[in-house]
Structures are given as structure tokens and as C-alpha cells.
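Letter by letter, the sequence shown follows residues 5 to 125 in this note's numbering. Glycine is no exception: its CB is placed at the ideal position from the N, C-alpha and C atoms. Note that the coordinates shown come from a computational prediction; the quantities given were computed from them, not determined experimentally. Let me begin by presenting the structure, written as C-alpha cells, before commenting on it.
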Amino acid sequence: MRSRSAITIAAGLGFAVLLSGCQFSAKVGNIDTSTSAAARPAVPKADVEQRTADGLRPQADGDPVSVSCPADLPMEVGATIDCVVTRADKRYALKLTVTQATPPTDAHWSSELGELLGPPS
């Protein structure tokens, strides 16, 4: 008979394996880049968080999943952003990387699950 902690660890590892390599995409409305010559198109932070969480949710065995990112995701192949995914009272580092971009409206990104950060604060 397995102990409860072994089952929890196995479930957590299963979630970690499923999260790595997930693909996400967004089609956003017109982005105003006229405010600055240096401004680059980006997927808004709220869209990145929502679409990534929606994509991860089916792999979380019905547990609620939330994603928190510090900023918008640049629409540039290779651009990365370090986020945090929360599931079942555990937080994990989550690195998002843009795999395809057609500025100013289309972006695709993948995820790579990092270390366990601990319980939500």
C-alpha cells in the first residue's frame, strides 16, 4: 500500500511532466505601437496568464490552475518570461518561450516547468 505522500508526489510529478512542452497561442487585437519607436508588439500579460492557465487546466486532474507573469510576452521568437503556476496549493516556476510570432497579432509559446517554489503566499 502506498503512503499518501508517495501518491501526492507521484501526482505532482505527473503534473510536472505534462506541463513541460505544452504549446499555447494567442491572437490579439491591433496593438498600438505608435507611442514609441522602440515599442515592440507583445501579448498582454492578462492574455498570457489566461491562455496558459486554460491550456494547463485539462492536465491538472480537475484542480484549479492559475498562472502569474510579471509582464507582457514580447512577440519575438525566442523571447522568454518567467512566470509562476499554482496548482493544488503548490507553486512552480514556469518559463514561457515564444516559438512562433507574426506581429502584431499572432504568437505561439511553449512552457517549461521549473522547480517547486512552495505553497502560495
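Out of the options, which has the shortest C-alpha to C-alpha gap to residue i?
i, options, result
"residue 29", "123, 81, 88, 64", "81"
"residue 73", "109, 89, 45", "89"
"residue 71", "47, 119, 52", "52"
"residue 50", "119, 26, 83, 87", "87"
"residue 63", "102, 99, 26, 97", "26"
Please return the same chain residues whose Cβ sits closer than 6 Å to the Cβ of residue i, not counting the five positions on each side in sequence.
i, result
"residue 104", "112"
Quick one: what's got a C-beta closer than 7 Å to residue i's C-beta in the same chain, skipping five residues either side?
i, result
"residue 124", "90, 93, 95"
"residue 41", "Bear in mind that the predicted position of residue 41 carries a pLDDT of just 37, short of 50, making it unreliable; the figure below should be weighed with that in mind. For residue 41, where only same-chain residues beyond five positions count, there are no Cβ hits under 7 Å."
In the DSSP assignment, find the alpha helix (DSSP H) that holds residue i and state where it starts and stops.
i, result
"residue 80", "Where residue 80 is concerned, there is no enclosing alpha helix (DSSP H), given that its DSSP letter is neither H nor E."
"residue 55", "49-60"
For residue i, count neighbouring C-beta atoms within 10 Å of its own C-beta (all shown protein chains included) and say buried if the count is 16 or more, exposed if not.
i, result
"residue 60", "buried"
"residue 46", "buried"
Which same chain residues end up closer than 8 Å to residue i when comparing Cβ atoms and leaving out the 5 residues on each side of it in sequence?
i, result
"residue 44", "37, 78, 79, 80, 107"
Does the beta-carbon of residue i, which I'm using as the reference point, lie nearer than 7 Å to any heavy atom of the ligand ATP?
i, result
"residue 51", "Looking for the ligand ATP in the displayed structure turns up nothing, as the structure carries no ligands at all."
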